[in-house]
Structures are given as structure tokens and as C-alpha cells.
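Here the structure comes first, spelled out in C-alpha cells, and everything after it is commentary.
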Amino acid sequence: MYQVKQPFTFSQETNPAQTGEKVDVALKKYMEEQRLITKNLYEKLDHMFGDLSSKFGSLSTYVQKLEVQIAQTAEAAKKQNEGKKKKMSLRTGTNRRDTVGNQEELTREGLKASHYKDDVRDDHGATTPPQDPLNRRMEKLKGSFALQPLFTTIERKRRSQAK
């Protein structure tokens, strides 16, 4: 059996005043560290806020300039197009009004008039596809993000076939 030679006692008694002083010193040191950390944090936040504020100011100035440019461009385009009527041309390069009654001439050239009847281009060369029920349903589904890659592939195939 194991015998304890000396009983376990606290031989060193601490003075409550010394313990209080040690705690005060430790608290003062901790408070000073926290003050420095807080000061550094506030300085960084002030710098970041000032930087973001200046960037926001320059961005808003740039947006205002763009708004003025857009307004001026819209006015110029409106003035330029006031007297003009929109011409619609087919893929063949002829105006749509010219093809009415000329179906024989178009078929003689090997083109089917019914194929070009609804496929029209405006002055800027943009093509308006024929409106069939399938196209209308596909246009409704295009808003779905999950189906977007499928529609992109379909559009590429259509463009390559149109060429």
C-alpha cells in the first residue's frame, strides 16, 4: 500500500492585496490591447468607407454622363427617322411590296414565295422569324434558366441552316 509521506497542504498563502494588484495589472494590459485593436479597426473602416464613397461618387457621375449621351442619341435618332418610313426587305434583297403579285417571278428564280412571305428584315438587317405556333411556345419557354443551353444550341442550328 502506498503511504503519503507529507499531507497535501497549501504552504504558501497569498496576500489578497497582491492578488488584486495582479488582476488590476492584467486587466489594464488587456484593456490597452483592446483599445489599440479597436482603434486600428476604426481606422481601417474609415479608410474603406472613404474609398467606397469616392468610388460611388465617380460611378454616379459616369452614369449621369451615360444618361445624357443616351438621351442625345435618342433625340438624334428620332430626328433622323422622322421623315423616313421603315422599309422592309426580304432575304432576297427586294422590298416586300415589290414581291406582292410577283410570285411567278420568284418561283422562276427557284425561290418559294411562301417561304419568304413572313421572314422579313428591317432597315438594320435584323430578321423577324415567321410566327408559327412552335416558335411562340419556344419563346415562352426561353425564360427558363434550366432550358437556356438547349435553346442556345437550337438557335445555333437554325442560324447555320439559314446560311
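The UniProt record's numbering numbers the first residue of the sequence shown as 1 and each following residue consecutively.
No residue lacks a Cβ here, since even glycine has one placed at the ideal position from N, Cα and C.
Quick caveat: nothing in here was measured; it's all calculated off a predicted structure.
- For D46, there are no CB contacts under 8 angstroms within the same chain when 5 residues up- and downstream are skipped.
- Between the alpha carbons of L59 and L52 lies a gap of roughly 10 angstroms.
- Assigned with DSSP and collapsed to three states, E21 falls in helix.
- Y30 and Q64 have their alpha carbons spaced roughly 51 angstroms apart.
- When rounded, the separation of the alpha-carbon atoms in K79 and V68 is 17 angstroms.
- In the structure shown, E155 adopts helical secondary structure according to DSSP, grouped into three states.
- Secondary structure of E32 (DSSP, three-state): helix.
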